[in-house]
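Shown next, in C-alpha coordinates, is the structure this report addresses.
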(Lines of atoms letter the chains of each structure in order from A and count residues from 1; the text may use other names and numbers.)
(Lines give C-alpha, C1' and ligand atoms only; values in the text may rest on other atoms or scores of the structure.)
Protein backbone atom coordinates (compact mmCIF):
# COMPACT_ATOMS: atom_id res chain seq x y z
CA UNK A 1 0.00 0.00 0.00
CA UNK A 2 1.39 3.43 -0.99
CA UNK A 3 1.68 5.82 2.00
CA UNK A 4 -0.65 8.73 1.24
CA UNK A 5 1.26 11.25 3.37
CA UNK A 6 4.59 10.79 1.56
CA UNK A 7 2.92 10.76 -1.87
CA UNK A 8 0.98 13.95 -1.08
CA UNK A 9 4.15 15.80 -0.01
CA UNK A 10 6.05 14.51 -3.08
CA UNK A 11 3.35 15.81 -5.42
CA UNK A 12 3.27 19.20 -3.69
CA UNK A 13 7.04 19.53 -3.96
CA UNK A 14 6.94 18.80 -7.68
CA UNK A 15 4.41 21.64 -8.11
CA UNK A 16 6.99 24.36 -7.50
CA UNK A 17 6.09 27.95 -6.63
CA UNK A 18 7.21 30.96 -8.64
CA UNK A 19 10.39 31.48 -6.64
CA UNK A 20 11.29 27.83 -7.37
CA UNK A 21 10.78 28.13 -11.15
CA UNK A 22 14.28 26.83 -11.84
CA UNK A 23 13.48 23.55 -10.06
CA UNK A 24 10.19 23.33 -11.94
CA UNK A 25 11.98 23.84 -15.25
CA UNK A 26 14.58 21.16 -14.49
CA UNK A 27 11.77 18.81 -13.42
CA UNK A 28 10.06 19.35 -16.79
CA UNK A 29 13.37 18.75 -18.57
CA UNK A 30 13.85 15.54 -16.57
CA UNK A 31 10.41 14.27 -17.57
CA UNK A 32 11.06 15.14 -21.23
CA UNK A 33 14.48 13.45 -21.01
CA UNK A 34 12.96 10.19 -19.79
CA UNK A 35 10.18 10.48 -22.40
CA UNK A 36 12.70 11.12 -25.20
CA UNK A 37 14.82 8.14 -24.21
CA UNK A 38 11.85 5.79 -23.96
CA UNK A 39 10.34 7.07 -27.22
CA UNK A 40 13.63 6.74 -29.12
CA UNK A 41 14.18 3.22 -27.80
CA UNK A 42 10.63 2.13 -28.72
CA UNK A 43 11.00 3.50 -32.26
CA UNK A 44 14.50 2.08 -32.76
CA UNK A 45 13.48 -1.41 -31.64
CA UNK A 46 10.29 -1.16 -33.72
CA UNK A 47 12.44 -0.50 -36.80
CA UNK A 48 14.73 -3.41 -35.95
CA UNK A 49 11.76 -5.73 -35.44
CA UNK A 50 10.18 -4.49 -38.66
CA UNK A 51 13.31 -5.12 -40.71
CA UNK A 52 13.86 -8.53 -39.16
CA UNK A 53 10.26 -9.71 -39.59
CA UNK A 54 9.87 -8.34 -43.12
CA UNK A 55 13.15 -9.80 -44.35
CA UNK A 56 12.48 -13.10 -42.60
CA UNK A 57 8.93 -13.29 -43.99
CA UNK A 58 10.02 -12.45 -47.54
CA UNK A 59 12.97 -14.83 -47.42
CA UNK A 60 10.97 -17.72 -45.98
CA UNK A 61 8.19 -17.09 -48.48
CA UNK A 62 10.67 -17.69 -51.31
CA UNK A 63 13.02 -20.23 -49.72
CA UNK A 64 12.61 -23.47 -47.83
CA UNK A 65 12.88 -23.94 -44.08
CA UNK A 66 15.20 -26.93 -44.62
CA UNK A 67 16.99 -27.87 -47.85
CA UNK A 68 18.53 -31.29 -48.53
CA UNK A 69 21.42 -31.21 -51.04
CA UNK A 70 24.30 -33.35 -52.23
CA UNK A 71 27.48 -32.92 -50.21
CA UNK A 72 29.58 -32.94 -53.36
CA UNK A 73 28.63 -31.83 -56.85
CA UNK A 74 27.48 -34.95 -58.66
CA UNK A 75 24.81 -35.99 -61.12
CA UNK A 76 21.89 -34.82 -58.99
CA UNK A 77 19.43 -36.52 -56.67
CA UNK A 78 17.99 -39.34 -58.75
CA UNK A 79 15.99 -41.03 -55.97
CA UNK A 80 14.02 -37.92 -55.01
CA UNK A 81 10.68 -39.66 -55.60
CA UNK A 82 11.51 -42.20 -52.86
CA UNK A 83 12.98 -39.64 -50.44
CA UNK A 84 10.04 -37.21 -50.39
CA UNK A 85 7.57 -39.63 -48.67
CA UNK A 86 10.27 -40.46 -46.11
CA UNK A 87 10.88 -36.80 -45.34
CA UNK A 88 7.15 -36.21 -44.82
CA UNK A 89 7.20 -38.69 -41.94
CA UNK A 90 9.62 -36.49 -39.96
CA UNK A 91 7.91 -34.59 -37.10
CA UNK A 92 7.16 -30.89 -37.86
CA UNK A 93 7.44 -31.41 -41.65
CA UNK A 94 4.27 -30.21 -43.39
CA UNK A 95 5.49 -30.37 -46.98
CA UNK A 96 8.35 -31.63 -49.14
CA UNK A 97 9.06 -30.73 -52.75
CA UNK A 98 11.82 -31.31 -55.31
CA UNK A 99 13.66 -28.42 -56.95
CA UNK A 100 16.11 -28.15 -59.81
CA UNK A 101 17.95 -24.83 -59.67
CA UNK A 102 20.30 -23.57 -62.35
CA UNK A 103 21.74 -20.37 -63.79
CA UNK A 104 20.46 -19.28 -67.20
CA UNK A 105 20.22 -16.18 -69.38
CA UNK A 106 16.88 -14.66 -70.32
CA UNK A 107 16.81 -12.90 -73.67
CA UNK A 108 14.15 -10.19 -73.60
CA UNK A 109 13.23 -7.29 -75.89
CA UNK A 110 14.77 -4.68 -73.56
CA UNK A 111 17.86 -6.53 -72.36
CA UNK A 112 19.23 -9.95 -71.49
CA UNK A 113 19.66 -10.85 -67.85
CA UNK A 114 21.25 -13.63 -65.87
CA UNK A 115 18.62 -15.44 -63.86
CA UNK A 116 18.12 -18.33 -61.47
CA UNK A 117 15.60 -20.76 -62.91
CA UNK A 118 13.86 -23.13 -60.53
CA UNK A 119 12.18 -26.24 -61.85
CA UNK A 120 9.32 -27.31 -59.59
CA UNK A 121 6.55 -29.83 -59.25
CA UNK A 122 3.75 -27.27 -58.89
CA UNK A 123 1.37 -29.17 -56.51
CA UNK A 124 4.26 -30.08 -54.22
CA UNK A 125 5.86 -26.61 -54.46
CA UNK A 126 2.67 -24.98 -53.20
CA UNK A 127 3.10 -26.97 -49.97
CA UNK A 128 6.56 -25.53 -49.23
CA UNK A 129 6.54 -21.99 -50.69
CA UNK A 130 4.21 -19.00 -50.61
CA UNK A 131 5.68 -17.37 -53.71
CA UNK A 132 3.44 -18.96 -56.33
CA UNK A 133 0.21 -18.71 -54.33
CA UNK A 134 -0.39 -15.01 -54.98
CA UNK A 135 0.72 -14.06 -58.48
CA UNK A 136 0.77 -10.43 -59.56
CA UNK A 137 -0.29 -11.41 -63.08
CA UNK A 138 -1.12 -14.63 -64.95
CA UNK A 139 -1.86 -18.02 -63.40
CA UNK A 140 -0.28 -21.35 -62.56
CA UNK A 141 -2.20 -23.01 -65.39
CA UNK A 142 0.63 -21.99 -67.70
CA UNK A 143 3.02 -24.38 -65.89
CA UNK A 144 1.00 -27.44 -66.86
CA UNK A 145 2.53 -29.76 -69.50
CA UNK A 146 2.07 -27.95 -72.84
CA UNK A 147 0.08 -29.42 -75.68
CA UNK A 148 1.88 -30.39 -78.85
CA UNK A 149 3.18 -27.30 -80.61
CA UNK A 150 2.77 -25.02 -77.56
CA UNK A 151 5.55 -23.44 -75.53
CA UNK A 152 6.14 -24.41 -71.89
CA UNK A 153 5.33 -21.76 -69.33
CA UNK A 154 7.63 -19.74 -67.09
CA UNK A 155 6.82 -17.42 -64.20
CA UNK A 156 9.14 -14.45 -63.65
CA UNK A 157 9.87 -12.19 -60.71
CA UNK A 158 8.32 -8.73 -61.07
CA UNK A 159 11.65 -6.86 -61.27
CA UNK A 160 13.14 -9.42 -63.64
CA UNK A 161 10.15 -9.11 -65.96
CA UNK A 162 10.30 -5.31 -65.80
CA UNK A 163 14.03 -5.07 -66.54
CA UNK A 164 13.92 -7.54 -69.44
CA UNK A 165 10.67 -6.15 -70.87
CA UNK A 166 8.76 -9.43 -70.60
CA UNK A 167 5.11 -8.97 -69.54
CA UNK A 168 2.74 -11.85 -68.97
CA UNK A 169 2.00 -13.64 -72.25
CA UNK A 170 5.25 -12.69 -73.98
CA UNK A 171 7.82 -15.17 -75.32
CA UNK A 172 11.31 -15.42 -73.81
CA UNK A 173 14.37 -17.36 -74.91
CA UNK A 174 16.09 -19.17 -72.04
CA UNK A 175 19.77 -19.91 -72.70
CA UNK A 176 21.61 -22.50 -70.61
CA UNK A 177 25.41 -22.08 -70.62
CA UNK A 178 26.06 -25.69 -69.55
CA UNK A 179 24.04 -27.07 -72.47
CA UNK A 180 24.61 -30.44 -74.05
CA UNK A 181 27.86 -32.39 -73.95
CA UNK A 182 29.05 -33.16 -77.51
CA UNK A 183 32.25 -34.78 -78.86
CA UNK A 184 33.50 -31.25 -79.42
CA UNK A 185 32.73 -30.10 -75.87
CA UNK A 186 29.69 -28.53 -74.18
CA UNK A 187 27.27 -26.72 -76.48
CA UNK A 188 25.04 -23.88 -75.29
CA UNK A 189 21.40 -24.85 -75.46
CA UNK A 190 18.37 -22.62 -75.65
CA UNK A 191 14.64 -23.03 -75.39
CA UNK A 192 11.68 -20.72 -75.80
CA UNK A 193 9.14 -20.26 -73.02
CA UNK A 194 5.94 -18.29 -72.73
CA UNK A 195 5.62 -16.02 -69.67
CA UNK A 196 2.68 -17.54 -67.79
CA UNK A 197 2.73 -15.18 -64.83
CA UNK A 198 4.53 -12.61 -62.68
CA UNK A 199 5.19 -12.97 -58.94
CA UNK A 200 6.31 -10.40 -56.39
CA UNK A 201 7.65 -11.24 -52.94
CA UNK A 202 8.73 -7.75 -51.89
CA UNK A 203 12.34 -8.96 -51.56
CA UNK A 204 14.27 -7.26 -54.34
CA UNK A 205 16.98 -9.87 -54.86
CA UNK A 206 14.37 -12.61 -55.30
CA UNK A 207 12.08 -10.56 -57.56
CA UNK A 208 15.02 -9.48 -59.74
CA UNK A 209 16.62 -12.88 -60.29
CA UNK A 210 14.25 -15.83 -59.81
CA UNK A 211 12.06 -17.61 -62.37
CA UNK A 212 9.87 -20.71 -62.00
CA UNK A 213 9.11 -23.38 -64.59
CA UNK A 214 7.83 -26.94 -64.58
CA UNK A 215 10.44 -29.48 -63.53
CA UNK A 216 10.47 -31.49 -66.83
CA UNK A 217 10.94 -28.31 -68.88
CA UNK A 218 13.90 -27.19 -66.75
CA UNK A 219 15.45 -30.66 -66.87
CA UNK A 220 15.27 -30.54 -70.66
CA UNK A 221 16.66 -26.99 -70.78
CA UNK A 222 19.63 -27.96 -68.60
CA UNK A 223 20.11 -31.23 -70.54
CA UNK A 224 19.55 -33.41 -67.46
CA UNK A 225 17.75 -36.67 -66.78
CA UNK A 226 14.99 -37.08 -64.21
CA UNK A 227 17.06 -35.59 -61.35
CA UNK A 228 16.87 -32.61 -58.99
CA UNK A 229 19.61 -30.86 -57.02
CA UNK A 230 17.72 -30.25 -53.79
CA UNK A 231 14.64 -31.26 -51.82
CA UNK A 232 12.92 -28.52 -49.86
CA UNK A 233 11.03 -29.03 -46.60
CA UNK A 234 8.48 -26.77 -44.94
CA UNK A 235 7.89 -26.93 -41.18
CA UNK A 236 5.12 -25.99 -38.79
CA UNK A 237 7.75 -24.65 -36.37
CA UNK A 238 10.55 -22.50 -37.81
CA UNK A 239 12.80 -23.06 -34.83
CA UNK A 240 12.62 -26.85 -35.13
CA UNK A 241 14.70 -26.58 -38.33
CA UNK A 242 18.01 -27.87 -36.81
CA UNK A 243 16.28 -30.94 -35.38
CA UNK A 244 14.50 -31.65 -38.69
CA UNK A 245 17.75 -31.15 -40.64
CA UNK A 246 19.49 -33.83 -38.57
CA UNK A 247 16.59 -36.24 -39.06
CA UNK A 248 16.55 -35.56 -42.82
CA UNK A 249 20.28 -36.24 -43.10
CA UNK A 250 19.90 -39.59 -41.33
CA UNK A 251 17.07 -40.62 -43.69
CA UNK A 252 18.79 -39.37 -46.85
CA UNK A 253 22.12 -41.09 -46.25
CA UNK A 254 25.78 -40.09 -46.20
CA UNK A 255 25.71 -38.53 -49.69
CA UNK A 256 23.47 -35.69 -48.55
CA UNK A 257 23.55 -32.72 -46.18
CA UNK A 258 20.71 -30.57 -44.90
CA UNK A 259 20.87 -26.81 -44.34
CA UNK A 260 18.37 -24.67 -42.44
CA UNK A 261 16.99 -21.21 -43.14
CA UNK A 262 19.01 -19.96 -40.14
CA UNK A 263 22.27 -21.12 -41.72
CA UNK A 264 21.38 -19.71 -45.12
CA UNK A 265 20.57 -16.27 -43.65
CA UNK A 266 23.11 -16.33 -40.79
CA UNK A 267 24.96 -13.15 -41.75
CA UNK A 268 21.78 -11.12 -42.12
CA UNK A 269 20.24 -12.35 -38.87
CA UNK A 270 23.49 -11.81 -36.93
CA UNK A 271 23.77 -8.27 -38.30
CA UNK A 272 20.22 -7.45 -37.18
CA UNK A 273 20.85 -9.00 -33.75
CA UNK A 274 24.03 -6.96 -33.28
CA UNK A 275 22.29 -3.80 -34.48
CA UNK A 276 19.52 -4.35 -31.93
CA UNK A 277 22.02 -4.65 -29.06
CA UNK A 278 24.03 -1.60 -30.15
CA UNK A 279 20.85 0.45 -30.60
CA UNK A 280 19.55 -0.47 -27.14
CA UNK A 281 22.86 0.47 -25.48
CA UNK A 282 23.34 3.71 -27.41
CA UNK A 283 19.84 5.08 -26.98
CA UNK A 284 19.75 3.81 -23.41
CA UNK A 285 22.32 6.51 -22.63
CA UNK A 286 19.54 9.06 -23.12
CA UNK A 287 17.72 7.50 -20.19
CA UNK A 288 20.90 7.74 -18.09
CA UNK A 289 21.16 11.45 -18.89
CA UNK A 290 17.56 11.88 -17.81
CA UNK A 291 18.38 10.05 -14.56
CA UNK A 292 21.19 12.55 -13.91
CA UNK A 293 18.64 15.34 -14.35
CA UNK A 294 16.41 13.66 -11.77
CA UNK A 295 19.40 13.43 -9.43
CA UNK A 296 20.09 17.17 -9.85
CA UNK A 297 16.43 18.06 -9.32
CA UNK A 298 16.25 16.15 -6.05
CA UNK A 299 19.57 17.51 -4.75
CA UNK A 300 18.37 21.06 -5.43
CA UNK A 301 15.02 20.22 -3.87
CA UNK A 302 16.69 18.98 -0.68
CA UNK A 303 18.75 22.19 -0.47
CA UNK A 304 15.66 24.33 -1.12
CA UNK A 305 13.33 22.47 1.24
CA UNK A 306 15.68 21.86 4.19
CA UNK A 307 13.59 24.18 6.41
CA UNK A 308 10.34 22.39 5.44
CA UNK A 309 11.98 19.02 6.06
CA UNK A 310 13.13 20.17 9.50
CA UNK A 311 9.63 21.34 10.38
CA UNK A 312 8.10 18.05 9.24
CA UNK A 313 10.60 16.08 11.30
CA UNK A 314 10.02 18.28 14.37
CA UNK A 315 6.27 17.60 13.98
CA UNK A 316 6.88 13.85 14.14
CA UNK A 317 7.74 12.78 10.59
CA UNK A 318 10.11 9.82 10.70
CA UNK A 319 13.37 9.55 8.75
CA UNK A 320 11.90 6.75 6.61
CA UNK A 321 8.95 8.97 5.66
CA UNK A 322 11.23 11.83 4.57
CA UNK A 323 13.29 9.38 2.53
CA UNK A 324 10.17 8.05 0.83
CA UNK A 325 9.00 11.57 -0.06
CA UNK A 326 12.02 12.14 -2.29
CA UNK A 327 12.02 8.60 -3.61
CA UNK A 328 8.41 9.10 -4.70
CA UNK A 329 9.38 12.34 -6.42
CA UNK A 330 11.95 10.61 -8.61
CA UNK A 331 9.62 7.69 -9.26
CA UNK A 332 6.81 10.05 -10.31
CA UNK A 333 9.15 11.81 -12.76
CA UNK A 334 10.21 8.44 -14.19
CA UNK A 335 6.65 7.10 -14.47
CA UNK A 336 5.24 10.24 -16.13
CA UNK A 337 8.17 10.42 -18.56
CA UNK A 338 7.90 6.70 -19.36
CA UNK A 339 4.16 6.88 -20.07
CA UNK A 340 4.64 9.90 -22.35
CA UNK A 341 7.53 8.16 -24.14
CA UNK A 342 5.62 4.89 -24.65
CA UNK A 343 2.50 6.61 -25.99
CA UNK A 344 4.50 8.87 -28.32
CA UNK A 345 6.78 6.07 -29.52
CA UNK A 346 3.93 3.68 -30.31
CA UNK A 347 1.87 6.40 -31.98
CA UNK A 348 4.72 7.52 -34.23
CA UNK A 349 5.62 3.90 -35.06
CA UNK A 350 2.03 3.12 -36.02
CA UNK A 351 1.68 6.20 -38.22
CA UNK A 352 5.11 5.75 -39.84
CA UNK A 353 4.35 2.13 -40.72
CA UNK A 354 0.78 2.77 -41.90
CA UNK A 355 1.61 5.74 -44.11
CA UNK A 356 5.16 4.61 -45.03
CA UNK A 357 6.84 7.85 -44.00
CA UNK A 358 10.42 6.63 -44.52
CA UNK A 359 11.12 5.53 -48.12
CA UNK A 360 14.09 3.36 -49.11
CA UNK A 361 16.03 2.48 -52.24
CA UNK A 362 14.63 -0.96 -53.00
CA UNK A 363 17.77 -2.12 -54.83
CA UNK A 364 19.87 -1.48 -51.72
CA UNK A 365 17.56 -2.48 -48.86
CA UNK A 366 15.32 -5.06 -50.62
CA UNK A 367 12.21 -3.15 -49.52
CA UNK A 368 10.62 0.15 -50.52
CA UNK A 369 9.98 1.62 -47.04
CA UNK A 370 11.08 1.27 -43.42
CA UNK A 371 8.72 -1.11 -41.57
CA UNK A 372 7.88 -0.41 -37.91
CA UNK A 373 6.82 -3.24 -35.61
CA UNK A 374 6.64 -2.21 -31.92
CA UNK A 375 6.36 -5.13 -29.49
CA UNK A 376 4.53 -5.22 -26.16
CA UNK A 377 7.42 -7.16 -24.55
CA UNK A 378 9.92 -4.51 -25.64
CA UNK A 379 7.71 -1.81 -24.15
CA UNK A 380 7.53 -3.66 -20.83
CA UNK A 381 11.28 -4.03 -20.35
CA UNK A 382 11.95 -0.48 -21.62
CA UNK A 383 9.44 0.90 -19.11
CA UNK A 384 10.88 -1.25 -16.34
CA UNK A 385 14.46 -0.08 -16.97
CA UNK A 386 13.46 3.59 -17.29
CA UNK A 387 11.56 3.55 -14.00
CA UNK A 388 14.30 1.56 -12.27
CA UNK A 389 17.02 4.01 -13.38
CA UNK A 390 14.84 6.93 -12.30
CA UNK A 391 14.34 5.29 -8.89
CA UNK A 392 18.06 4.62 -8.41
CA UNK A 393 18.76 8.30 -9.04
CA UNK A 394 16.66 9.14 -5.96
CA UNK A 395 18.57 7.07 -3.42
CA UNK A 396 21.36 9.50 -2.53
CA UNK A 397 19.21 12.71 -2.37
CA UNK A 398 16.55 10.86 -0.35
CA UNK A 399 19.20 9.58 2.06
CA UNK A 400 20.62 13.11 2.43
CA UNK A 401 17.18 14.54 3.16
CA UNK A 402 16.52 11.96 5.88
CA UNK A 403 19.80 12.92 7.63
CA UNK A 404 18.89 16.60 8.14
CA UNK A 405 19.04 17.59 11.83
CA UNK A 406 15.92 19.68 12.65
CA UNK A 407 17.52 21.45 15.64
CA UNK A 408 20.51 22.65 13.60
CA UNK A 409 18.32 23.96 10.77
CA UNK A 410 15.68 25.69 12.91
CA UNK A 411 18.23 27.28 15.25
CA UNK A 412 19.10 29.89 12.65
CA UNK A 413 15.57 30.50 11.32
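Residue numbers (the working numbering): 1285 to 1697. Heads up, the beta-carbon is just placed ideally off N, CA and C, and yes, glycines get one too. Predicted model, so just to flag it, every value in this text is computed and none were measured.
Quiz prompt | Collapsed DSSP secondary structure at residue 1285 in the structure displayed | solution = Per-residue confidence for residue 1285 stands at a pLDDT of 49, beneath the threshold of 50, marking its modelled position as unreliable; no derived number is given.
Quiz item: Hey, residue 1382 and residue 1405 are a contact pair by Cβ (cut 8 Å); roughly how many whole angstroms apart?
Solution: 6 Å
Practice problem: State buried or exposed for residue 1603, treating a residue as buried only when at least 16 other CB atoms are found within 10 Å of its CB. | Solution: exposed
Quiz prompt | Residues near residue 1442 by beta carbon distance below 8 Å, same chain, minus five either side | solution = 1420, 1482, 1483, 1484 and 1491
Quiz item: Does the region 1658–1667 come within contact of the region 1623–1630, defined as at least 3 CB pairs closer than 8 Å?
Solution: yes
Quiz item: Are there three or more Cβ pairs, one per stretch, closer than 8 Å when the region 1324–1331 is compared with the region 1393–1407?
Solution: no
Quiz item: Nearest to residue 1486 by alpha carbon, out of 1436, 1654, 1554 and 1680?
Solution: 1654
Quiz item: Measuring CB to CB, does residue 1542 end up less than 8 Å from residue 1429?
Solution: no
Practice problem: Within the region 1475–1499, note down every full beta strand (DSSP E) run reaching 3 residues or more, in order along the chain. | Solution: 1494–1498
Quiz item: So, residue 1319 versus residue 1658, is the Cβ gap smaller than 8 Å?
Solution: no
Quiz item: Rounded C-beta distance between residue 1321 and residue 1577? I'm assuming under 8 Å.
Solution: Actually they are not in contact, since the Cβ atoms of residue 1321 and residue 1577 sit about 11 Å apart, beyond 8 Å.
Practice problem: Any chance you could list the alpha helix (DSSP H) runs of at least 4 consecutive residues sitting entirely within the region 1380–1435, in chain order? | Solution: 1406–1409
Quiz prompt | Collapsed DSSP secondary structure at residue 1338 in the structure displayed | solution = helix
Practice problem: Report all residues from its chain with a CB closer than 7 Å to the CB of residue 1332; omit the five preceding and five following residues, and keep chain order. | Solution: 1556, 1559, 1560 and 1563
Self-check item: Nearest candidate by alpha-carbon position, reference residue 1335, set 1446, 1673 and 1644
Solution: 1644
Quiz prompt | Residue interval of the alpha helix (DSSP H) (run including residue 1664) | solution = 1660–1676
Practice problem: Assign residue 1504 to one of three DSSP states: helix, strand, or coil. | Solution: helix
Self-check item: Nearest-angstrom Cα separation, counted from residue 1572 out to residue 1611
Solution: 17 Å
Exercise. Could you tell me which of 1311, 1314, 1350 and 1343 sits nearest to residue 1520, measuring between CA atoms?
Key: 1350
Quiz prompt | For residue 1352 and residue 1528, believed in contact at Cβ under 8 Å, the rounded distance | solution = The Cβ separation is near 10 Å, so there is no contact.
Practice problem: Excluding the 5 residues preceding and the 5 following residue 1569 in the sequence, name in chain order all residues of the same chain whose CB lies nearer than 6 Å to its CB. | Solution: none
Quiz item: Are the CB atoms of residue 1458 and residue 1360 nearer to each other than 8 Å?
Solution: no
Quiz item: In three-state DSSP terms, what is residue 1518?
Solution: strand
Quiz prompt | Rounded straight-line distance, which links the Cα of residue 1583 to that of residue 1682 | solution = 9 Å
Quiz item: Does the beta-carbon of residue 1302 have 16 or more other beta-carbons within 10 angstroms, so that it is buried, or is it exposed?
Solution: No answer about residue 1302 holds up, because its pLDDT of 49 lies below 50 and its placement is not dependable.
Exercise. Note down, in chain order, each residue of its chain lying with its Cβ closer than 6 Å to the Cβ of residue 1368, except the 5 sequence neighbours on either side.
Key: 1380
Quiz item: Of all the options 1447, 1606 and 1637, which has the alpha carbon lying nearest to the alpha carbon of residue 1494?
Solution: 1447
Quiz item: By how many angstroms is the C-alpha of residue 1338 removed from the C-alpha of residue 1640?
Solution: 14 Å
Quiz item: Cβ atoms of residue 1501 and residue 1461: under 8 Å apart, would you say?
Solution: no
Self-check item: Exposure label - residue 1554; buried when at least 16 CB within 10 Å
Solution: exposed
Quiz item: Roughly how many angstroms lie between the CA atoms of residue 1427 and residue 1636, to the nearest whole one?
Solution: 40 Å
Self-check item: Candidates 1619, 1364 and 1549: closest to residue 1341 by CA position
Solution: 1549
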